[in-house]
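Residue numbers (the numbering used here): 1408 to 1843.
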């Protein structure tokens, strides 16, 4: 009938006593008028049923008396444990301590009652006697629970070295995530030994695999220590194990932060289950100026999503990736860009299409004028955009309208012109422009 809870102390919190020391409560109240009572002929059984009925009604004094009477009929240690449990529930720690000592005089190897006694002593801040009892407990029971309890007493005494030493022994017997977390926390927070904490987590992962609890903690430690690649490695392991998209996102964010696009690309290629993987890949290729793969990825995305923007991206990349721009070659690019610009009314697409037609005019003034119309569509949305103004000025230059070309190009701030070689070249050419 004794309670099942045995651990009384948890690291990083004040030692508290288990209030579930009282045994299984009978649901039905047994009284002399109850028919069940009449069927019971054994006096001990009657007393036990009455004791549990008293417990059910929270009549603790009567329950203790009935358990004591049961013990007098049959000196079973379980009855004394029930009385001890009630004292703890009542928070009568002085008498609980007295009863614990008396019990251990008769049953010195009892693990549970000695653990209760240690809890009582720590609750009363009697750490010296708690340590003494914890060592006695360990001499009888060299298990993980005893080492953990001894570690907890050392911890409350602020002897963090011995706390870590004994918790390590507990972990060696029972390598649970919970014990590991406590042990690493002592090294990290109290012994200020980050490397030891990292080593503990890494060793555990190597031997027993990764879990969310352990992985999250280790990744956070690496982040705090600015070991970003190690943190990304742990998030990658968590993603493989748990398939939670938050870990894929965290990994990619780290690689972006440290500008390791090569690692981001590798991660994306190795994990096809990442949400929006193809879009991320496109961005990585684009930022890496990997034009060939960017074009392929834009085509994949357009075919899979029918998003017209990827058709436009592909067209612009194809243009930039080709040195020889024949009229036939440009027709396909212009067609795709025009389709995208008309559907989205995106200023970027209008300007790109317009400039393309202006710059590659093939001595056709109509083509230049059509291109300038597209640039004007872009300027309706962003009237002071230096690149769009440059495109328009270049159109007037191609039409040999030097005055208008100069007026527009000179409206662009000089520092903006100096940023781009192409703008500088246009500016210098337009300044030299003379009407034929």
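Glycine is no exception: its CB is placed at the ideal position from the N, C-alpha and C atoms.
Top-ranked residue by Cα proximity to residue i, from the options
i            : options                : result
residue 1509 : 1484, 1584, 1805       : 1484
residue 1623 : 1639, 1610, 1614       : 1639
residue 1492 : 1479, 1470, 1512, 1480 : 1470
residue 1593 : 1658, 1606, 1567       : 1567
residue 1521 : 1537, 1532, 1457       : 1537
residue 1503 : 1517, 1515, 1528, 1512 : 1528
residue 1531 : 1498, 1518, 1555, 1824 : 1498
residue 1836 : 1821, 1822, 1816       : 1816
residue 1782 : 1762, 1767, 1821       : 1762
residue 1391 : 1563, 1684, 1519       : Nothing can be reported for residue 1391: it is not among the residues displayed for the chain, which extend from 1408 to 1843.
residue 1579 : 1780, 1564, 1548, 1611 : 1611
residue 1645 : 1827, 1630, 1620       : 1620
residue 1829 : 1710, 1806, 1800       : 1800
residue 1514 : 1501, 1488, 1767       : 1488
residue 1482 : 1600, 1555, 1451, 1467 : 1451
residue 1727 : 1697, 1690, 1715       : 1697
residue 1653 : 1691, 1467, 1673, 1683 : 1683
residue 1669 : 1649, 1692, 1681, 1680 : 1692
residue 1617 : 1649, 1589, 1581       : 1649
Exposure label - residue i; buried when at least 16 CB within 10 Å
i            : result
residue 1651 : exposed
residue 1477 : buried
residue 1526 : buried
residue 1741 : buried
residue 1490 : buried
residue 1838 : exposed
residue 1832 : exposed
residue 1798 : buried
residue 1917 : Because residue 1917 is not part of the residues shown, which for the chain are 1408 to 1843, the question remains open.
residue 1420 : Legend: pLDDT at residue 1420 = 31, less than 50; position of this residue unreliable, no value from coordinates given.
residue 1841 : exposed
residue 1676 : exposed
residue 1824 : buried
residue 1540 : buried
residue 1443 : With a pLDDT of only 46 at residue 1443, under the threshold of 50, the placement of this residue in the model should not be trusted, and no figure is reported.
residue 1555 : buried
residue 1464 : exposed
residue 1602 : exposed
residue 1643 : buried
residue 1744 : buried
residue 1371 : It is not possible to answer for residue 1371, since the shown part of the chain is limited to 1408 through 1843.
residue 1589 : buried
residue 1615 : exposed
residue 1826 : exposed
residue 1784 : buried
Cβ pair residue i, residue j closer than 7 Å
i            : j            : result
residue 1574 : residue 1553 : no
residue 1655 : residue 1662 : no
residue 1754 : residue 1788 : yes
residue 1591 : residue 1608 : yes
residue 1687 : residue 1665 : no
residue 1507 : residue 1523 : yes
residue 1516 : residue 1486 : no
residue 1473 : residue 1457 : yes
residue 1775 : residue 1750 : no
residue 1793 : residue 1819 : yes
residue 1717 : residue 1725 : no
residue 1577 : residue 1551 : yes
residue 1659 : residue 1641 : no
residue 1597 : residue 1563 : no
residue 1737 : residue 1767 : yes
Proximity test, residue i beta-carbon vs the ligand FAD heavy atom, cut-off 6 Å
i            : result
residue 1617 : This structure lacks the ligand FAD; in fact it carries no ligand of any kind.
Self-check item: Segment contact flag, the region 1683 to 1701 with the region 1717 to 1728, C-beta cutoff 8 Å, min 3 pairs
Solution: Segments in contact, yes.
Quiz item: Is the region 1728 to 1736 touching the region 1751 to 1762 in the sense that three or more CB pairs, one from each, lie closer than 8 Å?
Solution: Contact between the region 1751 to 1762 and the region 1728 to 1736 is absent, because fewer than three Cβ pairs lie under 8 Å.
Exercise. State whether the region 1768 to 1781 contacts the region 1811 to 1823, with contact taken as three or more CB pairs (one from each stretch) at a distance under 8 Å.
Key: With a cut-off of 8 Å, the region 1811 to 1823 and the region 1768 to 1781 do not count as touching, because too few Cβ pairs lie within range.
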